[in-house]
Structure formats: structure tokens, C-alpha cells
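A.B. asks: Mapping to this note's numbering: the sequence shown position 12 is 41, numbers consecutive.
Glycine included, every Cβ here is placed at the ideal spot set by N, Cα and C.
Since the model is a prediction, treat every value here as computed from it, not as a measurement.
Quick one: structure below, then a few questions.
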Amino acid sequence: MNKAELIDHIATQADISKAAATRALEAMIGGVKSTLKKNGSVSIVGFGTFAVTKRAARSGRNPRTGAAIKIKAAKVPKFRPGKGLKDALN
Numbered sequence: 030m031n032k033a034e035l036i037d038h039i040a041t042q043a044d045i046s047k048a049a050a051t052r053a054l055e056a057m058i059g060g061v062k063s064t065l066k067k068n069g070s071v072s073i074v075g076f077g078t079f080a081v082t083k084r085a086a087r088s089g090r091n092p093r094t095g096a097a098i099k100i101k102a103a104k105v106p107k108f109r110p111g112k113g114l115k116d117a118l119n
């Protein structure tokens, strides 16, 4: 499912226009992004938790040349599914 299909699904399930569904989805995505930028986490009960983790600096290899390179430390988003989502899949 891509973003357009998700918007269609939201619009039909919530009985709202596609424009309203688009605004709702964009607001949700924007809220998650802004919270993660502040190193916060977003928990949606029954769905899961979005959080930020830190990846340490490490060395790697350039696959083309085989030369060693340094990979900088980074913050990465992480999603941990909740019990409701896990149960829905099994």
C-alpha cells in the first residue's frame, strides 16, 4: 500500500473527503516527525511506538574499491510494534 492508497482507505473508512484524509495523514506524519526531531517518542496504543535510537560511528568498506571508510554516528527512527498489531498478524 502506498500513500495514495492509504489516503483512499482513510477517506472511505472515515467517510470523509480525500482532501480531509490527506490533511489528516499529513498532520499525523508531521506530528511524528517533529516529536522524533526533539528526541521524543510517539506511542499509539494497540499499534506501536515510534522512537529515536543512536547508531554509533563505525568503519565500513566501499563495495566498489574495497577501501576502508568511516561511517559517522547517526540518529535513526525506530518502530516497535504493539501487541494489537502483532496479534492482528498472527
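Whole angstroms is fine: what's the gap from T41's alpha carbon to L118's?
C.D. replies: Answer to the nearest angstrom: the Cα atoms are 23 Å apart.
A.B. asks: Should I100 go down as buried or exposed, given a rule of 16 or more other Cβ atoms within 10 Å for buried?
C.D. replies: So I100 counts as exposed.
A.B. asks: Considering Cα atoms alone, identify which of I39, N68, S46, D44 is closest to M57.
C.D. replies: Closest by alpha carbon: I39.
A.B. asks: Among G113, P106, P110, G111, which residue has its Cα nearest to the Cα of N68?
C.D. replies: Comparing Cα-Cα distances from N68 to each of G113, P106, P110, G111, the minimum goes to P106.
A.B. asks: Buried or exposed for I73, please, with buried defined as at least 16 other CB atoms from any protein chain shown within 10 angstroms of its CB.
C.D. replies: Classification for I73: exposed.
A.B. asks: So the candidates are A49, D116, S46, K83; which of them puts its Cα closest to the Cα of G75?
C.D. replies: Of the candidates A49, D116, S46, K83, the one whose C-alpha sits nearest the C-alpha of G75 is D116.
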